[in-house]
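Reading through the structure tokens given below for one structure.
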């Protein structure tokens, strides 16, 4: 039986009980008051305290039991990943290379008794001291005046230092010229070798220079301003 139907039945019972109690009380009062109708015209006084106290207490309303919550599904266990086997590195056996066997050297022939050194003739024209610094300065300035910076090298922004080797006799004539060190650019090297032809003869060797000739290396600098 549902709680609503049970409640309706309780209310109906209470109403029936109250109605029957009222009829009984009215009947008793009428029986007692029948001989003395002159007592007054007051209405019937009913005391329902005992009747109400006699009524059964209503049953407490039972609340529906809560539905049980569904149990949480267990999480799936992670599948362990298969580890790839690591490659096994096997050490390569070292092959010992035999050391080369040297062939025995043949016995050296017995040297002849050292001959007495022959007396060398003194060199002719070998300077005992270098030329004075002022002459070297004049020679350098002379060569710089005859230096030509090629226009093609300027357009290509070519720079460098070429070293010119010269051999000069006492009169100042250049008897030999060569490139002692390249500048790294063929055009600059050719221009450096051309200085010897344009500058000869150079200033004569000074009187206090005791050599017959002078061999000197002069650096020729090519740098754009």
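Residue numbers (this note's numbering): 881 to 1105. Glycine included, every Cβ here is placed at the ideal spot set by N, Cα and C. None of the values given here were measured: they were computed from a predicted structure.
Sequence-distant residues of its chain with Cβ nearer than 6 Å to residue i (five each side left out)
| i | result |
| --- | --- |
| residue 1052 | 1081, 1082, 1083, 1084 |
| residue 1097 | 1043, 1045, 1060 |
| residue 1101 | 1041 |
| residue 1055 | 1047, 1049 |
| residue 1036 | none |
| residue 892 | none |
| residue 918 | Because residue 918 sits at a pLDDT of 47, beneath the cut-off of 50, its placement in the model cannot be relied upon, and the following sentence gives the value as read from the coordinates. Closer than 6 Å at the Cβ level, and outside the excluded window around residue 918, lies no residue. |
| residue 1057 | 1046, 1076 |
Beta-carbon gap between residue i and residue j smaller than 8 Å
| i | j | result |
| --- | --- | --- |
| residue 1046 | residue 1059 | no |
| residue 1124 | residue 1011 | Beyond the ends of the chain as shown, which are 881 and 1105, falls residue 1124; an answer cannot be given. |
| residue 1079 | residue 1023 | yes |
When the options are compared against residue i, the one with the closest alpha-carbon
| i | options | result |
| --- | --- | --- |
| residue 1034 | 1016, 898, 1071, 1014 | 1071 |
| residue 1086 | 1040, 1009, 1062, 1079 | 1009 |
| residue 1030 | 1016, 1103, 894 | 1103 |
| residue 1076 | 1092, 1019, 1089 | 1019 |
| residue 1089 | 1057, 1054, 1099, 1049 | 1049 |
Residue i - partner residues in DSSP beta bridges
| i | result |
| --- | --- |
| residue 1099 | 1043 |
| residue 1059 | 1044 |
| residue 1093 | 1049 |
| residue 1054 | 1048 |
Chain-order list of residues whose beta-carbon lies under 7 Å from that of residue i (same chain, five-residue window excluded)
| i | result |
| --- | --- |
| residue 1027 | 1075, 1100 |
| residue 1039 | 1102, 1103, 1104 |
| residue 1032 | 1067 |
| residue 1065 | 1033, 1038, 1040 |
| residue 1005 | Confidence in residue 1005 is poor, its pLDDT being 48 and thus under 50, which makes the residue's placement unreliable; the coordinate value appears in the next sentence. 1091, 1092, 1093, listed in sequence order. |
| residue 1062 | 1042, 1069 |
Residue-level contact to chain B via CB, residue i, 8 Å cutoff
| i | result |
| --- | --- |
| residue 894 | Although the question refers to chain B, the structure presented lacks it and comprises just one protein chain. |
Same chain, Cβ closer than 8 Å to residue i, neighbours up to 5 away in sequence not counted
| i | result |
| --- | --- |
| residue 896 | none |
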